Ligand SMILES: Nc1ncnc2c1ncn2[C@@H]1O[C@H](COP(=O)(O)O)[C@@H](O)[C@H]1O
Ligand SMILES: Nc1ncnc2c1ncn2[C@@H]1O[C@H](COP(=O)(O)O)[C@@H](O)[C@H]1O
Ligand SMILES: Nc1ncnc2c1ncn2[C@@H]1O[C@H](COP(=O)(O)O)[C@@H](O)[C@H]1O
Ligand SMILES: Nc1ncnc2c1ncn2[C@@H]1O[C@H](COP(=O)(O)O)[C@@H](O)[C@H]1O
Ligand SMILES: [Mg+2]
Ligand SMILES: [Mg+2]
Ligand SMILES: [Mg+2]
Ligand SMILES: [Mg+2]
Ligand SMILES: [Mg+2]
Ligand SMILES: [Mg+2]
Ligand SMILES: [Mg+2]
Ligand SMILES: [Mg+2]
């Protein structure tokens with residue numbers, strides 16, 4: 010079993026490494042970051058604060074800070090860009106999650122298009138973006154409150170839609186639960202869902218899908 | 010205080026009387042129905058089964074059965090039709106609730122337009138009904154599963170929208186809870202919500218709104 | 010579809026514009042506020058702090074601060090006052106939500122009457138306000154804890170009642186959930202509900218209803 | 010410790026014995042019933058079906074069936090009637106729970122007054138019963154749906170109110186949860202609560218309270 | 010109706026007045042406190058901080074601070090002490106709630122006995138207090154975590170037990186929900202329940218019960 | 010907007026049509042099925058009972074019944090098989106959901122491999138299937154109870170994993186909620202989730218992914 | 010890895026095999042049962058109905074039916090009895106779960122003592138069983154409703170206590186959730202918990218513990 | 010009853026005493042700690058902050074601080090080491106809970122082995138630790154997020170596994186609820202569960218099990 014398992018590792022070789030910064034000290038994140046960087050692949054830190062970035066930058070000066078996305082990246086020996094991911098969100102409060110998805114998809118090698126500020130209550134603005142939506146290989150769709158955007162978007166495109174509920178809202182939004190339930194019950198069949206605020210997971214799966222199936226490579 | 014209270018009663022005089030048939034025997038419903046009918050106003054029984062209707066019909070032969078709506082009505086001395094209510098729903102499973110709303114609004118004196126089978130995942134069909142939506146004084150919008158229809162409809166019209174979550178769906182629909190939460194968090198500001206499957210309440214309030222404000226009568 | 014959609018926009022022309030200040034910086038709110046003000050309509054900012062107001066005031070000196078309501082308003086070219094909205098709440102802790110509803114209804118053109126400190130456990134005080142309740146075209150009723158006020162008020166008036174659960178209470182109040190459930194199950198049929206603490210939504214729909222149905226204008 | 014414990018037993022001597030029939034076969038209930046009856050005290054079976062009664066009646070022919078209350082009683086060597094309990098409920102669907110409370114309170118020795126069909130949405134009917142409410146030593150108040158009745162009743166009387174949420178309602182009533190939460194958050198301070206549909210518990214505690222404090226006997 | 014209602018007020022005359030300090034400024038609490046004090050009855054402020062007390066003391070120098078109970082009291086023209094209330098709790102973390110109940114019961118005229126640090130996992134200590142428990146007219150029993158104390162205490166005494174779930178605990182204690190559910194399902198029938206952390210409500214009802222039924226006065 | 014929307018329709022032309030049989034009468038399902046079949050594409054009915062099949066078979070004799078999957082299919086003018094989907098589940102109780110996914114993926118044109126009876130508590134059996142797992146373009150992973158299988162499988166493969174929580178289990182499985190939460194929190198980043206028991210949705214998205222990105226076609 | 014995994018299998022050799030009958034047809038259970046029996050070890054079927062037993066008995070005539078426990082057993086080549094397990098429960102409704110635990114522990118080789126009908130509201134009966142409790146190596150404690158029994162029992166013994174919440178109760182018992190939460194928050198530190206109604210799991214772990222640690226064998 | 014109860018106390022004589030520091034002031038914890046230390050047994054303080062330690066150290070200079078575990082210990086007159094406990098956790102965020110379990114097990118007399126950083130998504134690392142897992146008498150397994158580790162570990166060993174859900178994760182992890190439900194539904198039968206983050210309880214029960222059954226001592 011072990012040989013097989015090891016073989017698996019190599020399947021992913023060349024892929025970026027990821028560190029989840031939340032709950033880690035700036036020093037811990039910097040130490041992990043520099044170690045991963047040394048292995049020659051790109052590095053992504055998510056849920057990183059300004060303090061995390063300051064510490065990382067000291068040891069890896071070429072690291073980049075994506076403030077809105079709360080991410081730190083170091084791009085090196087990147088694989089060729091492959092596949093088109095469109096990240097869409099409804100309100101400005103959803104932007105940190107949408108940006109986490111976009112930054113993740115970019116560092117993992119996808120061409121990313123961003124569409125923002127297109128809620129279901131203003132269909133014109135959404136329909137005005139139909140072309141951008143329809144050329145995507147996969148769509149990441151972030152929404153809080155009632156989380157209805159994926160249902161509508163899913164009906165407008167043929168591609169798979171990865172829905173990301175966000176913790177945006179108040180009262181009966183229940184920190185993203187209303188949006189999560191809405192997305193799990195979406196009536197368009199091309200929708201799958203990730204955890205509340207999990208922009209990283211959505212961006213990661215999107216690149217897997219956009220890269221194309223193994224059997225056709 | 011009591012005189013005032015009695016005065017209030019007369020405000021509503023001429024209005025239909027309602028009986029909630031669920032949990033009552035056919036005999037009980039028939040007895041209440043005939044008594045209310047004797048007072049000269051219209052009568053509505055909701056959540057009524059075939060058995061309920063059979064019993065009512067024996068004593069009030071002119072009563073009508075609305076099977077899909079699970080309602081029994083007797084229209085008499087009806088007030089003049091006043092105001093336009095549009096009842097819209099997404100799927101065929103939402104029809105019993107939508108019909109309960111429509112039958113209620115009709116017996117309470119509104120002109121009712123029905124729009125069915127227009128989900129958010131197929132925007133063309135919804136947009137094809139824009140004219141019918143925009144002439145309404147108030148819209149009753151029934152949806153199960155993710156309950157996204159009111160958000161979209163609310164963005165297309167100026168009128169108030171009464172959202173009715175239905176218990177349609179499975180799994181994480183949680184018997185209407187997902188739809189209820191979605192509607193409470195709807196991003197269009199012209200939306201208010203009633204209890205899960207409460208077509209009656211929605212139809213009733215819709216007629217109040219469509220009849221127009223007291224101060225302008 | 011687009012022409013129709015654009016036409017819709019004009020239906021609302023002249024109406025105030027709204028900005029939701031929570032989660033935005035003072036600079037962002039001020040920038041949006043001044044831009045909306047420039048379009049010539051009234052402007053309302055909700056969930057605004059003292060810091061938000063200070064920033065807005067610098068660029069729009071005539072803006073007004075409603076501290077208790079957490080709102081900022083600029084009234085200009087207002088439509089004629091139309092319709093009577095009564096805003097009622099039970100305790101002093103519900104006042105911020107009730108005031109948000111009242112300020113919203115006023116800027117959107119309704120004549121607003123306020124009734125405060127009338128809980129269901131002291132019926133005399135509530136019954137002493139019957140006249141004020143009964144002249145209203147629509148009532149906004151805010152309550153936390155058990156949220157019983159709308160049920161009682163709904164039984165005393167003919168007009169539609171918009172119930173706003175507030176997050177007031179502790180323990181099994183569950184941040185407004187107890188009040189929300191109470192209101193959704195209210196036994197008076199003239200009640201609809203909005204999200205917990207959503208004074209804005211309630212005030213907005215109240216003006217729609219008080220303005221009267223489109224078909225009778 | 011044991012002597013003390015035994016002493017305690019005798020404190021209650023002469024009191025009725027109770028059997029909870031739900032989930033027991035008719036034969037089991039009949040066997041327990043006849044054994045308890047043999048000890049000379051009154052016997053109460055709750056949650057009893059017609060089948061349970063038929064079986065009990067065969068061995069204890071003088072047992073009485075309270076169909077609506079789903080109770081079977083045998084009254085013997087009853088203590089003198091002591092204290093006034095008023096049992097009040099809002100709708101006909103709450104009657105089985107209210108009757109369970111009333112039958113329990115009667116067999117445990119209280120004088121019971123029943124008030125039915127007085128919901129909070131029709132205050133006149135409730136206020137018409139004020140005298141009956143105010144002579145009570147303790148009130149048992151049963152309500153489903155939003156469970157607002159205890160809050161209102163609690164504000165009208167000085168006596169303790171035992172609130173019983175019932176599982177009556179649909180949708181967001183959640184089988185009595187909405188009523189339970191409403192009652193736990195009741196704004197009148199003279200209210201305590203028992204489990205959903207627990208008419209027995211409410212009736213039992215009511216007799217304890219109505220009998221009067223031990224220290225004053 | 011109003012005359013009757015006013016009459017009711019006098020029923021309670023002489024009783025202490027209560028102010029809920031949480032969410033009010035020190036100045037507001039002091040202002041209310043001094044006004045109530047002027048009416049000649051005792052005054053109780055609950056959920057009061059040190060700051061609240063400092064403000065109250067300035068205008069009502071004889072007011073007393075009960076730090077652990079988070080209460081401020083002013084006793085004047087108190088009714089004669091009547092009835093025995095025993096307040097019991099399991100752990101030191103439950104003390105603030107238990108003390109709130111005890112201080113409330115004292116100001117409302119009961120003789121209060123306190124039992125602390127007697128959890129169900131150490132039965133000896135509980136059984137050692139049996140005498141104190143059994144002379145009580147009513148018991149207030151506060152417990153967090155699994156909330157099992159009322160079930161055990163209820164089985165040891167004849168008197169009514171008012172169970173107060175506390176928000177003590179972590180993880181699956183869910184801020185008092187586990188204790189609340191445990192108490193609502195308590196297998197001793199002499200138990201009723203109040204809201205999580207509602208020591209005031211429990212203490213208040215306890216005095217009502219201990220004072221004895223109206224009909225026997 | 011409409012032209013664009015119509016164009017979209019043609020994107021999907023040639024794809025199977027689907028009918029959700031639950032809640033529809035056999036006659037309704039048969040009528041819809043025959044109409045869809047007439048359009049020349051393949052047809053899939055999900056959640057179909059034996060009665061549904063009997064009715065369908067009468068009008069479409071070549072329709073096939075997949076009893077375990079609760080599906081009815083008619084394959085005609087099928088697109089060429091494209092992409093490899095592996096459907097895996099842990100226990101026999103998960104089979105109906107897994108089969109629904111497999112039948113869906115097949116009718117939509119994927120080559121499907123099934124792996125059954127490989128729970129996380131018996132790793133050998135799972136590891137023995139590594140080759141089958143690693144050649145898949147996408148994996149559909151169905152599990153009830155604690156829903157841990159996707160986490161483990163996701164760590165063994167590079168491909169996207171679509172996790173389907175099933176309602177299998179009892180007690181704290183809460184009809185699939187435990188599995189749903191487990192999957193949403195899966196620590197492998199290549200996992201997305203669909204609604205409880207939604208084998209259809211998972212199978213559908215799997216074919217979209219396995220077919221490959223639009224941009225590379 | 011595989012060799013190690015295989016070695017593990019042999020560690021358990023000689024142990025009974027188990028089949029979970031719920032959701033399987035009588036024929037399926039009988040087929041599995043006879044196959045497992047053929048391997049020479051004891052066999053246990055849980056959640057088995059009378060129909061399951063009838064089918065099993067036809068092929069394995071020496072199989073035994075434990076009706077109350079809903080179990081079928083075949084004992085053969087049993088390991089020597091080792092360790093003392095005491096199974097305790099509060100009410101008769103908890104018996105099926107308690108018996109499932111007891112039958113499981115017996116077939117897995119423990120000496121089992123049963124204590125029934127000892128609730129926390131009647132401490133005498135519980136304390137009368139102290140000797141039986143204290144000789145146990147491990148205790149399985151089943152309770153529904155408030156689930157307080159393990160807390161009390163855990164305080165009386167030194168041994169580990171496995172708490173089994175049962176779905177017994179109504180209303181706020183929420184099908185075992187109240188008991189589950191109570192047990193997870195039990196204040197005795199010697200308590201661990203299994204799923205609601207999981208008598209089998211409790212009985213199985215109890216035998217592991219009673220058999221004694223591997224290192225001392 | 011009391012003699013028996015006292016006898017019980019002595020059963021545990023020599024065992025460490027424990028103080029739960031959370032919610033206690035440094036002075037309170039120090040006072041309790043020194044008093045317990047004076048009795049001659051080992052002392053453990055859990056949920057202790059740096060401030061708690063500083064205060065304890067002043068009076069008990071030989072006390073030790075376990076920062077990661079948030080524990081303070083004083084080992085004296087310790088019983089001979091007996092039994093092997095392995096504590097395993099998945100991520101670094103689970104370490105505080107795992108260390109609380111490990112420190113508890115050590116002070117209570119077990120030989121403790123630690124395995125960290127072995128999640129279910131990287132089976133190789135877990136399988137590389139199989140020998141350490143299989144020599145354990147009992148395993149404490151801590152995991153947050155989806156809580157799948159106990160299911161996998163439980164399938165690899167014969168010993169009892171005590172699962173500790175941690176509050177690690179975000180969104181639908183719901184502060185440990187997802188992990189708790191996962192563990193309660195674990196498909197390996199050798200698993201029992203303690204409260205979220207309750208490392209102490211798990212470590213304590215683990216020593217009881219590892220010490221071996223009373224009957225074989
Ligand atoms: N924002 C995120 N949400 C969920 N998982 C993440 C996130 N960022 C990183 N991860 C996962 O966390 C792993 C790294 O965790 P750690 O070793 O704790 O830094 C990565 O391999 C990712 O799979
Ligand atoms: N479907 C319904 N849902 C909620 N409330 C209803 C419904 N139908 C009737 N009602 C209300 O129930 C009252 C009649 O109840 P009842 O006296 O029990 O027949 C009416 O006055 C309505 O307000
Ligand atoms: N309807 C009820 N709800 C809750 N508890 C009850 C009810 N009826 C009886 N009981 C309690 O159940 C006990 C009898 O239970 P059992 O021994 O199972 O018949 C009585 O002593 C009561 O305390
Ligand atoms: N981390 C912990 N989680 C749960 N219970 C604990 C914990 N630490 C100590 N305990 C329990 O709390 C008791 C001491 O509580 P206290 O008397 O409040 O200090 C001990 O006997 C333990 O049973
Ligand atoms: Mg789907
Ligand atoms: Mg709204
Ligand atoms: Mg209503
Ligand atoms: Mg109260
Ligand atoms: Mg009770
Ligand atoms: Mg993921
Ligand atoms: Mg424990
Ligand atoms: Mg288990």
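Chains as they are written, first to last, in our numbering: chain A, 10 to 226; chain B, 10 to 226; chain C, 10 to 226; chain D, 10 to 226; chain E, 10 to 226; chain F, 10 to 226; chain G, 10 to 226; chain H, 10 to 226. Even for Gly, the Cβ is constructed at its ideal location relative to N, Cα and C. Since we're looking at a predicted model, the values are computed, not measured.
| Asked | Found |
| --- | --- |
| Just by C-beta distance, which residues in the segment 194-213 of chain B are closer than 8 Å to chain D? | 204, 205, 206, 207 |
| Can you grab the Cα-Cα spacing for the pair residue 107(C) / residue 151(C), in whole Å? | 6 Å |
| In this structure, how does DSSP classify residue 203(F) when only helix, strand and coil are distinguished? | coil |
| Have a look at 178(C), 144(C), 175(C) and flag the residue whose alpha-carbon is nearest the alpha-carbon of residue 165(C). | 144(C) |
| Which two residues bound the contiguous alpha helix (DSSP H) that contains residue 115(A)? | 104-116 |
| Helix, strand or coil for residue 83(B) per DSSP? | strand |
| Near residue 94(F), what residues of its chain come up, given a Cβ to Cβ distance below 6 Å and the 5 sequence neighbours on each side ignored? | 114, 119, 121, 147, 215, 219 |
| Identify which residue in 40(E), 84(E), 184(E) has its Cα closest to the Cα of residue 63(E). | 40(E) |
| Go ahead and label residue 51(H) buried or exposed: buried means 16 or more other beta carbons lie within 10 angstroms of its beta carbon, across all protein chains shown. | buried |
| Ligand 3: which residues have Cβ under 6 Å from any of its heavy atoms, chain order? | 27(D), 28(D), 29(D), 55(D), 56(D), 207(D), 209(D), 210(D), 198(E), 100(G) |
| In chain order, what residues of the same chain have a beta carbon less than 8 Å from the beta carbon of residue 105(D), not counting five sequence neighbours either side? | 77, 78, 79, 208 |
| Please list the residues of the segment 157-183 of chain A that have a C-beta atom closer than 7 Å to any C-beta atom in chain C, keeping them in chain order. | 179, 180, 181 |
| According to DSSP, what are the bridge partners of residue 172(C)? | 150(C), 202(C) |
| What residues are listed by DSSP as bridge partners for residue 53(G)? | 27(G), 82(G) |
| According to DSSP, what are the bridge partners of residue 98(G)? | 151(G) |
| For a quick check, are the C-beta atoms of residue 28(C) and residue 42(C) less than 8 Å apart? | yes |
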